[in-house]
Each structure stands twice: as structure tokens, then as C-alpha cells.
Amino acid sequence: MTQQVLLRGANVASAHGVEPLDILIEGEHIAAVAPRLAGSAPQAEVIDLTGLTVLPGLIDAHVHLREPGGEHKEDFDSGTRAALAGGVTTVLAMPNTSPPITNCDTFEQANRLAAAKAVCDYGLYIGATADNAAEAASLADRAAGLKMYVGSSTGSLLVDHFAAQIAHFEGYPADRVIAVHAEDEAAVRYYATRGQRRPPICAALSVAYLLALAEQTGRRLHICHVSTRAELDLIRETKARGVPVTCEATPHHLFLTLEAEARIGALAVCNPPLREQADVDALWANLDVLDIVATDHAPHTLDEKRGEQPPSGMPGLETMLPLLLTAVHEGRLTLPDVVRLTATRPAEIFGLGRKGRIEPGCDADLTVVDLSARWTLGDAPLYTRCGWTPFAGREVRGRVERVYLRGRQVFDGERVLAGPGTGQPVIDS
Ligand code: DOR
Ligand code: ZN
Ligand code: ZN
């Protein structure tokens, strides 16, 4: 008989509410969710979670795991351990590696590395280049999505000309996601020559352009890391007309302002940059326009960050959930908002049918948290190989106590219990 585990007595959070419920796990799946299930599963191993809260395992749709080519910063092993420690059970990994993931060979290579090393479930993006529209489209069924950098960032990927952009928009399947790094390359360069680093207009110009391109071609645009009021206004208006565009915000754009650059220097430098308070306030005031929160986990070593030309980006996998739970504690978000933004919506957007919900038949990916635990980010050792967090010293409310991945306990609050190769691909159509 398939092994049964009964999680008893926890508050179970969904996108709709929070209720005291028991969860019966059978093998890799959720078999039942209801009050007082003990009688119906006499054989089950019972785990008492009284006083704790269970969320669907988080799905982080935007991570940079650096493999191949950047293993000194992170790899599939260290990055997915960081994910589990942060309550994230599925990651979608970006293609700006060395070499970048832009064709069948590199896509196969990255899939082999992930299969051998990942400890959480994963999907991989394919990167758009000036001339790979046909090959990228041929991989669409097996990719998390197409990632297009219309403005340059870390790595060599860049598609900043109309002919190449429209070839991708017209060639990529209409039911698959085209995720964009939306900063206008010409504007980025123009402002750089004037000593200004990627001001908000760079993002607004690019988002307006991409929304028009997506509407014209009928493609499923997903706008990564929105950071300004102007982007949100454009996206709200386009959504209101029924265009199926989606967008994400990062924890660093929600919980830090440009002031952090003065405080922690290059550690706070990222693309798009951190913004002034008014733009941060606009993210919080427009949570209904935001589809998902994703980390843009972008590890670089402290040596690199302290060097002459510090690379852009910061890690986020281990800090996203405690930051969001702290916002819940402060009344700025609800627990159902957190579930919607980090599990239910990402599963819907990326077509992960068995993920993101605590319901019979779904994968038993569960993140158990203690909402009352009070601790300080950066005090405990981190799993990310880069070893630092821009949030060090911040007191938070809410800690990950246990994580289950497809029915198996993979994190106990301190240690990752899963070994390399535990992770499975989530895109299998
Ligand atoms: O800050 C960033 N870092 N923005 C990006 O777009 C890429 C990322 C990275 O890969 O380092
Ligand atoms: Zn980006
Ligand atoms: Zn990114």
C-alpha cells in the first residue's frame, strides 16, 4: 500500500482563506484535505502541526542558478537547497548562463545538469537571441517559457531590434509564456552616458512597446520585475481591455528603496534598479495588478560585488517568504495574498497543473511555517553559495519549519534533507 502521512492540526492557507484542516498525503500526492481526517486513515503516520500554518510550496518563476558557467556563484545543487530552505519547492531557471541556453544542445545540457543536481522541482527557460526564433519555438513545449532581454543585463543575451523581436513573438506558440526583461536598451545607454543608471523611463518605454507587440501578435507576455508606477499604470490599462498580460514584482523592489544603495553599496545594485519610495508605494498600492512575486534570485560573490565593476543582482530565495510573512504580520498583505502571489498564480501562468494548491490530486508540495517566530535575516547561515543577503539585520516574523516535496520531507527547519537529483522537471507536455 502507498505510504500515507497525515498532517494534523495546522491552519491551511489557500488563495481564498485560512482554515484549520488535516492534510492526508498518499505517496507523492495530496489525497484529502478536511477537518479531522484521523479516523479515515488509521495506517497513516501522523504528524502534529498544531500551532503551525501550511502553505502550498512556493513556486519561484524567476531564479538565476548560474549553471553552467557560473558555479562559483551558485549551481543547481546550492541554488535549489536555498530554495527549499526558503519554502520554495519549484523554481523556473533563467537562461543567461555561460553559455546561454539558446538552442537544443545547451537546453539538453542544462536539463541534464538540473536532473542530476536539483533538490527541488524545476523548469528551464530558453533564451531568445537575434536569430534563434525557430529553434526556440521548437523547444517551447519543454521550456518554462521564452526569456527575452530587450535591454542588456548580466550575460550576453539581448534582442533589441524589432525584426528579431517580432520573429520571436510571431514564432513562439501563443499558449506559452514570453517573459521579458523590459528596459529600453537605447534609453539605458543614453542615460549611462549622462551618469544616470537606468531611470524609471527606461522600464516604462519598454513595457509600453512590449504590450503593443504582444497585443498585436496575440502572445502571452509576462513582464518580469516591474518596479515603477508607470509600468503598473500601463499594465492595468492593458489588462482592463482583456489582453492576457501578466507581471511580477521582486521582494527587493517591494522591501528596499534606492536608499539601500547608500547603505550597502553595490550589494543593492540590480537591474532594474531599486526605486524611490513613491514607486515602491505604487507596487503596494497596486497589488491587484501584480500576478506574482518572484525573487529574481541573482547571486554574485561578495568579491565580485566589492570589485571595480560590480555585477547587478542579489540573492532572494531564502528571504522572500519571511519578508512576505512579515508584511502579513504588519497587515500590509493577507496570507491568501501570499498564496496567490507565490503559488496559485505562478502555477496557472506557467501551466503547472499539479502545483500551487493544497487539493486532492495535487503534488504534496507543502511549506510549513511558524507565523509567530521572530528572527533576524542574515544571522543564520545561508544555503546560497554567494553567502550574503541584502536584507541582513532585518527583523522578520515567520519562519519555515518544514518543507515537503511530493510527499517527502525535504527540509526540517535547519537542514535540507533531500539529495541531488531529488528534483523533477515540471514542464512535461
Ligand atoms: O540584477 C539583475 N541580475 N538583473 C538581471 O536582469 C539579471 C540578473 C543576473 O543574472 O545577475
Ligand atoms: Zn531581468
Ligand atoms: Zn533575472
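Residues in the sequence shown are numbered consecutively from 389, following the working numbering. Beta carbons are placed, not taken as given, at the ideal position from N, Cα and C, and that holds for glycine.
Scanning the segment 534-607 from its first residue to its last, the whole beta strand (DSSP E) runs of 3-plus residues come out as 534-537 and 565-569. Annotation: the continuous alpha helix (DSSP H) that includes F495 extends over C492 to K505. L446 is positioned such that its CB atom lies no closer than 8 Å to that of L642.
In the three-state reduction of the DSSP assignment, G511 falls in the strand class, which pools E and B.
The segment 720-740 makes no contact with the segment 482-500, as fewer than three CB pairs between them are under 8 Å. A check of alpha carbon separations from G701 across N399, C774 and G809 identifies C774 as the nearest.
Rounded to whole angstroms, the gap between the alpha carbons of E692 and V727 is 35 Å. Of the heavy atoms belonging to ligand 1, at least one sits nearer than 7 Å to the Cβ of D684. For the set A528, G475, T468 and M482, the Cα lying nearest the Cα of A503 is the one of T468. The beta-carbon distance between P778 and L655, rounded to whole angstroms, is 5 Å. This is short enough to meet the 8 Å contact definition. Segment contact: the segment 754-772 against the segment 624-642, fewer than three CB-CB distances shorter than 8 Å; contact not assigned. It is roughly 29 Å from the alpha-carbon of H404 to the alpha-carbon of R607. Relative to ligand 2, the beta carbon of C590 is positioned no closer than 7 Å to any heavy atom. Here the alpha carbons of E696 and A735 stand approximately 40 Å from one another. With fewer than 16 other Cβ atoms inside 10 Å of its own Cβ, Q665 counts as exposed. The beta carbons of C508 and G811 sit about 5 Å from each other, so the pair counts as a contact at 8 Å. In the structure shown, G786 adopts extended strand secondary structure according to DSSP, grouped into three states.
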